[in-house]
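Engineer:
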Amino acid sequence: MRINDVILRTVVKVVVFIILTLGVSLFFSGHHAPGGGFIGGLVLASGIILLYITYDIETVQRKMPVDFKKVAALGVLIAVGTGLLSIYFNFPFLSHTDGYYQFPFIGEKHLTTVTLFEAGVALTVIGTIVTMILSISEDE
Amino acid sequence: MTVDVFIVLIPFIFAMLIPIFHRYIQKRHIGWFVTAVSLVLFILLTTYIPRISNGEVITFTHEWIPSLGINFTTYLDGLSLVFSLLITGIGSLVGLYSIFYLSKSEQLYHFYCYLLLFMGAMLGVVLSDNLLVLYGFWELTSVSSFLLIAFWHHRKASRAGARKSMLITVAGGISMLAGFLMLYEMAGTLSIREIIEKVDLIQDSALFVPTLVLILLGAFTKSAQFPFYIWLPDAMEAPTPVSAYLHSATMVKAGIYLVARFTPIFGSEAIWFWLVTGVGLFTLFWGSFNAVKQVDLKALLAFSTVSQLGLIMSLLGMGSVAIYLGYSAETMIYTQAAFAAIFHLINHSTFKGALFMMVGIIDHELGTRDIRRLGGLMSFMPLTFTIALIGSLSMAGLPPFNGFLSKEMFFAATLHIHDASVFSLDYIGILIPIIAWVASVFTFIYCLIIVGKTFFGDVKSHLLDKHPHEAPIGMLISPYILIVLVVGIFFFPNLLGQYILRPAMASIYPSFSSIEELTPTIHAWHGFSPELWMTIFVIIAGILLYRLLKYWKQIYRVFPQKFSLNTLFNNGITLSESLSHRFTIRYMTGNLTDYFVYIFLVFLIIVGGYFLYADVFSWSPIQHEMLEVFEIVLILIAIVSAVGILFAKSRITIVFLSSVLGYSVAFFFIVFRAPDLALTQLVVESVSTVLFLICFRHLPEIKKELEPKSKKIRNLFISLTMGATVTFVGFAVLYYEKFMTISNYFNDSYELAGGKNIVNTILGDFRAFDTMLEVVVLFIAGLGVYTLIKLKAKGGGTDAN
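Protein chains in written order, with my numbering: chain P, 9 to 148; chain G, 2 to 802.
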């Protein structure tokens with residue numbers, strides 16, 4: 009798939025970073041404001057898909073050699089693993105905890121173990137969606 | 002976390018490590034690795050023996066799903082210890098043996114992964130206290146056994162045998178699950194220990210007998226009792242180490258374990274006694290009778306296992322009489338039956354394990370197990386011959402081997418059972434020793450066949466592919482350890498009785514106060530008692546009948562192949578396949594419209610039906626709100642695009658119109674202040690539009706559907722009702738109060754989950770299990786799409802190699 013669209017390419021170079029930043033920000037703000045693992049993952053995935061659409065698959069794969077099937081698998085492992093971790097501390101499966109911590113420079117922050125679980129969700133969403141779209145579009 | 006939890010978990014952890022690290026270790030070493038794991042577990046378990054024999058019980062509880070009463074409780078008592086020791090002990094011997102048995106070119110890491118999986122599952126079965134956890138492990142043993150039987154999956158017989166064993170044991174397992182749930186219904190707890198304490202409470206329940214039967218079905222299918230035994234001979238398609246391990250020493254004994262474990266609950270019921278004893282005795286007879294006609298050594302051992310399992314089962318049944326009668330000096334003879342059951346269980350594992358390994362050696366060195374082609378191997382394979390001789394004589398119940406001791410106790414139990422004037426035993430009970438004696442004669446005959454036809458007589462070298470020679474030393478270590486045990490247990494049986502069997506008795510008879518008195522001292526010589534005369538006559542009759550074998554072998558022709566249980570099973574499978582095929586092609590039409598009709602009909606019947614039934618359909622539009630102009634515009638856009646889809650002629654129009662509809666819904670969410678939903682909807686809509694456009698060029702042009710008018714009217718009716726139902730349900734839920742309100746999440750989300758975003762705290766904390774499974778589903782769906790497309794791209798590969 010060769011596209012020669014200068015405007016699209018120029019815009020995407022900037023926009024992709026905005027989308028990816030938005031995705032990360034949505035992911036982290038999930039606990040107190042709209043966002044979270046699923047939406048964050050979706051936004052990140054759509055940013056990656058935009059890259060694939062603008063440049064051809066081979067170019068992106070060369071610059072970003074990531075196997076998205078493995079990303080999805082990693083996500084599932086993290087999501088299940090955080091559940092198992094709570095067993096290690098002798099809590100029921102999938103128990104979560106949170107707390108407020110003081111950090112240098114950025115001040116007090118609210119940290120939760122749910123974020124780890126959500127990271128698993130996000131990675132699965134990214135991995136699965138990109139895998140699906142790539143496998144459909146690669147099919148010649 | 003105590004050590005006994007890790008005993009269950011360690012095999013699973015190492016099973017997970019094998020697929021990851023097998024590339025970095027040499028193939029042979031995986032076997033050593035597995036042997037080491039089970040040996041370490043075995044040694045760990047032996048350290049518990051002093052504590053357990055003092056009457057201690059080691060428990061550990063982890064609250065798993067406390068809201069449903071499902072806790073991961075391990076429970077190490079005498080009975081669990083016997084089985085755990087067998088599982089890990091025989092497991093390490095089999096691991097050692099398999100290193101030399103399996104060729105290096107096999108996919109060894111699969112084999113050892115399944116083997117560890119099985120070991121963990123089996124330990125889970127005998128150590129869990131929670132019924133549902135036990136059930137989970139129970140089915141996992143079926144699954145891992147399936148994988149192991151089908152290890153040589155290029156062979157059709159292996160696949161068929163694996164399927165057969167899976168179908169029968171899983172069917173039994175499901176009936177057992179139903180029994181467990183009924184037990185839960187009666188006792189109100191899933192913990193076996195607590196149920197045993199409440200036994201008086203549940204005995205009067207109407208569900209008591211059905212529960213008993215359902216649970217026994219699970220035990221009988223697993224332990225290959227008549228008529229479910231048919232899977233066991235077919236399971237012999239597995240590699241011999243697997244047969245030795247799963248199909249003689251451990252998995253098939255899970256049913257025995259279950260019966261022993263539930264004896265305190267059900268033991269006082271007459272049906273329990275008759276089912277367990279009756280089925281056990283008949284299986285004992287039928288297995289030994291059929292073993293005699295086998296020509297394949299492994300099949301012969303399979304039937305012999307069936308018959309020996311029947312023996313143990315019937316002993317447990319006879320032991321349950323003591324529960325009915327209560328503790329007294331007279332009931333000691335019945336508790337001894339249960340004692341003999343556990344004793345014979347251990348003995349059987351030792352001699353049958355050795356015999357299976359012996360057959361494996363013959364198969365490995367000569368390339369055949371057919372007794373018609375074997376003979377005169379004694380001078381070529383003296384070491385293997387020793388194993389076969391000691392193993393067989395122990396199985397036949399001769400001194401000085403351990404089988405003799407437990408067999409004598411079995412005879413003693415059968416002779417005394419009709420003294421109990423309960424369950425109308427004083428009449429029918431007289432049959433029990435007769436069946437036992439006849440079965441023992443057949444047992445004696447097939448033991449003679451194993452030794453006689455294989456090792457005596459002339460060498461038929463013209464029928465053999467290889468020149469007979471002794472096995473490599475590595476394959477001989479494990480069976481030799483076992484036959485040393487066979488002899489050792491004969492000379493020091495009370496050591497075993499004191500430290501291993503007595504605590505197990507305490508688990509079977511928890512309500513009896515002085516277990517010390519209940520455990521007999523085992524004597525090798527007990528005078529010229531009736532049971533010894535029974536053994537002597539078994540030997541005489543056995544030798545006579547073995548000599549005359551060719552004259553009376555004709556009686557096996559009486560049972561034609563056509564009426565056998567196997568034929569019945571195969572016909573059942575064929576029939577159910579053709580029935581389900583005929584049923585499935587009716588509704589799986591491949592037409593998307595039909596599938597939507599099913600979905601909508603189910604929705605209409607369940608949701609619409611419920612709202613009609615509860616009489617809560619209401620028309621109460623919100624009155625005090627005026628619609629803004631842009632809301633009206635949004636509604637119009639949504640309506641126009643939705644209706645437009647129906648009349649669109651080309652696919653691209655449909656794609657765009659549905660995108661418009663999707664985006665307008667997203668705007669609705671913004672208007673109604675649901676930013677989470679709006680964001681999700683926007684991104685999902687964009688991604689799916691992209692997907693549509695990518696797929697676009699693969700899709701054919703829309704064809705005009707030519708459907709009969711009746712079908713069109715039906716579809717119109719269904720879609721209108723569907724729309725109306727959704728609309729009315731939307732209005733009705735505003736004022737509906739019968740379901741639990743979700744508003745407590747508003748309060749809990751900050752205090753319990755520490756988050757201000759309620760949607761996310763629900764997804765990540767309160768309903769995290771759902772979310773986790775959804776993630777898994779998403780992943781599987783993605784893999785599904787990937788495989789489907791990649792397989793098609795590779796030229797429609799018919800075989801998924």
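We put the CB at the ideal spot given by N, CA and C, even for glycine.
Which residue marks the beginning of the beta strand (DSSP E) containing residue 77 (chain P), and which one marks its end?
Structural biologist: No beta strand (DSSP E) contains residue 77 (chain P), which is instead part of the alpha helix (DSSP H) from 76-96.
Engineer: What residues in its chain sit with their C-beta under 8 Å from that of residue 19 (chain P), if we drop five residues either side in the sequence?
Structural biologist: none
Engineer: Using a C-beta to C-beta distance shorter than 7 Å, which residues of chain P count as neighbours of residue 63 (chain G)?
Structural biologist: 95, 98
Engineer: So, residue 87 (chain G) versus residue 347 (chain G), is the Cβ gap smaller than 8 Å?
Structural biologist: yes
Engineer: Note down the Cα distance separating residue 802 (chain G) from residue 152 (chain G), rounded to an integer number of angstroms.
Structural biologist: Because residue 802 (chain G) carries a pLDDT of 37, less than 50, the predicted location of this residue cannot be relied on, and no value is offered for it.
Engineer: Run down chain G in chain order and give the residues with a C-beta less than 9 Å from the C-beta of residue 53 (chain P).
Structural biologist: 684, 688
Engineer: Does the Cβ of residue 1 (chain G) have 16 or more other Cβ atoms within 10 Å, making it buried, or fewer, making it exposed?
Structural biologist: This structure cannot speak to residue 1 (chain G), because chain G is shown only from 2 to 802.
Engineer: Using a Cβ-Cβ cutoff of 8 Å, what residues of the region 770-788 of chain G are near chain P? List them in chain order.
Structural biologist: 770, 772, 773, 776, 777, 779, 780, 782, 783, 784, 786, 787
Engineer: Assign residue 454 (chain G) to one of two classes, buried (16 or more other C-beta atoms within 10 Å of its C-beta) or exposed (fewer than that).
Structural biologist: Residue 454 (chain G) is buried by the Cβ-count criterion.
Engineer: Taking 7 Å as the limit between beta carbons, can you name the residues of its chain near residue 730 (chain G), skipping five residues before and five after?
Structural biologist: Shown here for residue 730 (chain G): same chain residues with a beta carbon closer than 7 Å to its own, the five before and five after excluded, namely 608, 612 in chain order.
Engineer: Per DSSP, what are the beta-bridge partners of residue 186 (chain P) in this structure?
Structural biologist: For residue 186 (chain P) there is no data in the structure shown, the boundaries of chain P being 9 and 148.
Engineer: Could you tell me which chain P residues have their CB closer than 9 Å to the CB of residue 656 (chain G), listed as they occur along the chain?
Structural biologist: Contacts between residue 656 (chain G) and chain P, judged by CB atoms closer than 9 Å, are missing: the closest CB pair is about 15 Å apart.
Engineer: Going by other Cβ atoms of all chains shown within 10 Å of its Cβ, with 16 needed for buried, is residue 17 (chain G) buried or exposed?
Structural biologist: exposed
Engineer: Does the CB of residue 234 (chain G) have a neighbour CB from chain P at under 8 Å?
Structural biologist: no
Engineer: For residue 14 (chain P), which residues in chain G fall below 8 Å Cβ to Cβ?
Structural biologist: Near residue 14 (chain P) there are no residues of chain G at all, since even the closest Cβ is about 21 Å away, more than 8 Å.
Engineer: Quick check on DSSP: helix, strand or coil for residue 77 (chain G)?
Structural biologist: strand
Engineer: Taking residue 56 (chain P) as the reference, give the member of P:48, P:113, P:28, P:119 with the closest Cα.
Structural biologist: P:28
Engineer: Using the C-alpha atoms, what's the distance from residue 53 (chain G) back to residue 128 (chain G)?
Structural biologist: 14 Å
Engineer: What separation, rounded to the nearest whole angstrom, lies between the Cα atoms of residue 112 (chain G) and residue 281 (chain G)?
Structural biologist: 33 Å
Engineer: Using Cβ-Cβ distances below 9 Å, what residues of the region 53-67 of chain P are close to chain G?
Structural biologist: Here the close residues are 53, 54, 57, 58, 61.
Engineer: Taking Cβ positions only, does residue 33 (chain P) come closer than 8 Å to chain G?
Structural biologist: no
Engineer: Taking 8 Å as the CB-CB limit, is residue 18 (chain P) close to chain G?
Structural biologist: no
Engineer: Would you say the beta carbon of residue 443 (chain G) comes nearer than 7 Å to a heavy atom of the ligand MN?
Structural biologist: With respect to the ligand MN, the structure offers nothing, as it holds no ligand at all.
Engineer: In this structure, does DSSP put residue 403 (chain G) in helix, strand or coil?
Structural biologist: helix
Engineer: Cutting at 8 Å between CB atoms, please list the residues of its own chain near residue 215 (chain G), excluding the five before and the five after it.
Structural biologist: 176, 177, 179, 180, 183
Engineer: At a CB-CB cut-off below 9 Å, which residues of chain G make contact with residue 25 (chain P)?
Structural biologist: Residues of chain G passing the Cβ test: none, with the nearest at roughly 17 Å.
Engineer: Using a Cβ cut-off of 8 Å (strictly closer), state whether residue 701 (chain G) contacts chain C.
Structural biologist: No chain C is present in this structure, whose protein chains are P and G.
Engineer: Taking Cβ-Cβ distances shorter than 9 Å, what residues in chain P pair up with residue 756 (chain G)?
Structural biologist: 38, 39, 40, 106, 118, 120, 122
Engineer: Quick one: grab the DSSP three-state call for residue 372 (chain G).
Structural biologist: For residue 372 (chain G), the three-state secondary structure derived from DSSP is coil.
Engineer: For residue 308 (chain G), which residues from the same chain have a beta carbon less than 6 Å from its beta carbon, with the 5 sequence-adjacent residues on both sides left out?
Structural biologist: 285, 288, 289
Engineer: I need the boundaries of the beta strand (DSSP E) containing residue 366 (chain G), first residue and last residue.
Structural biologist: Residue 366 (chain G) -> not in any beta strand (DSSP E); alpha helix (DSSP H) instead, spanning 333-367.
Engineer: Please compile the residues from chain G whose C-beta is within a distance smaller than 9 Å of the C-beta of residue 44 (chain P).
Structural biologist: Near residue 44 (chain P) (Cβ distances below 9 Å), the residues of chain G are 677, 758, 760, 761, 764, 765.
Engineer: What's the call for residue 551 (chain G), buried or exposed, on a 16-neighbour Cβ count within 10 Å?
Structural biologist: exposed
Engineer: Should residue 691 (chain G) be flagged as near chain P, meaning a C-beta pair shorter than 8 Å?
Structural biologist: yes
Engineer: Compare the C-alpha of residue 81 (chain P) against each of P:135, P:35, P:54 and name the closest.
Structural biologist: Comparing Cα positions, the closest option is P:135.
Engineer: In whole angstroms, give me the CA-to-CA distance for residue 688 (chain G) and residue 662 (chain G).
Structural biologist: 15 Å
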